[in-house]
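Residue numbers (our numbering): 2 to 167. Beta carbons are placed, not taken as given, at the ideal position from N, Cα and C, and that holds for glycine. What follows is a single structure, written as structure tokens, with notes after it.
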């Protein structure tokens, strides 16, 4: 929690960047684009990869260079730290069941400031139980940050806020 102020500060800093007016149809199209970027980033839905390391390798190339994440425990990790941790985990758990991991839902574009976009989603985390059946292991409200570089939108960061178990 002591790192939560970083996320809040980032959000407020982006509010200071002048925005270009965007009409509703452009925002709807951008929301669809960013939702797709989000699913690619998470190797979710149609972007499922059966090998964990394949997803890690994709993320390492897809994330913006200054990508960072504030995890559910409040720990801040850089892109390099995330890739290293996920690579280590992929060695112990190389195979991924379809639907395992983060499953984003209710994606909503909240704000666009030039080449920076902020969105939210409700992410459900799933993992196989002892019998191999997928089970919910946690849920979070997520602030997702995107940046447009060379005309393409890329993931720039995320802040995960854990939701209480139902």
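Could you check whether the Cβ of residue i sits closer than 7 Å to any Cβ belonging to chain C?
| i | result |
| --- | --- |
| residue 84 | Included in the structure is just one protein chain, with no chain C present. |
Return the chain-ordered list of same chain residues with a C-beta closer than 8 Å to the C-beta of residue i, the five sequence neighbours on each side being excluded.
| i | result |
| --- | --- |
| residue 61 | 80 and 84 |
| residue 153 | none |
| residue 22 | Only weak support exists for where residue 22 lies, its pLDDT of 48 falling under 50; the value from the coordinates is given anyway. The answer is none, since no qualifying residue turns up. |
| residue 41 | 48, 59 and 63 |
| residue 86 | 78 |
| residue 106 | 122, 123, 124 and 125 |
With the cut-off set at 7 Å, would you say residue i and residue j are in Cβ contact?
| i | j | result |
| --- | --- | --- |
| residue 108 | residue 96 | no |
| residue 100 | residue 134 | no |
| residue 68 | residue 158 | yes |
| residue 38 | residue 88 | no |
To the nearest angstrom, report how far apart residue i and residue j are at their CA atoms.
| i | j | result |
| --- | --- | --- |
| residue 59 | residue 132 | 29 Å |
| residue 165 | residue 55 | 31 Å |
| residue 125 | residue 144 | 14 Å |
| residue 32 | residue 91 | 31 Å |
| residue 46 | residue 52 | 15 Å |
| residue 120 | residue 160 | 11 Å |
| residue 110 | residue 155 | 14 Å |
| residue 138 | residue 167 | 11 Å |
| residue 27 | residue 34 | 10 Å |
| residue 151 | residue 115 | 13 Å |
| residue 36 | residue 75 | 24 Å |
| residue 43 | residue 65 | 14 Å |
| residue 29 | residue 102 | 27 Å |
| residue 82 | residue 98 | 24 Å |
| residue 50 | residue 104 | 13 Å |
Whose C-beta lies closer than 6 Å to the C-beta of residue i among residues of the same chain, with five residues either side of it excluded?
| i | result |
| --- | --- |
| residue 163 | 73 and 141 |
| residue 136 | 130 |
Just confirm the distance between the C-beta atoms of residue i and residue j, as a whole number of angstroms; I'd bet it's less than 8 Å.
| i | j | result |
| --- | --- | --- |
| residue 147 | residue 118 | 4 Å |
Return the chain-ordered list of same chain residues with a C-beta closer than 7 Å to the C-beta of residue i, the five sequence neighbours on each side being excluded.
| i | result |
| --- | --- |
| residue 149 | 116 |
Length-filtered (3 minimum) beta strand (DSSP E) runs lying within the stretch 65-93: The qualifying runs are 69-71 and 77-79.
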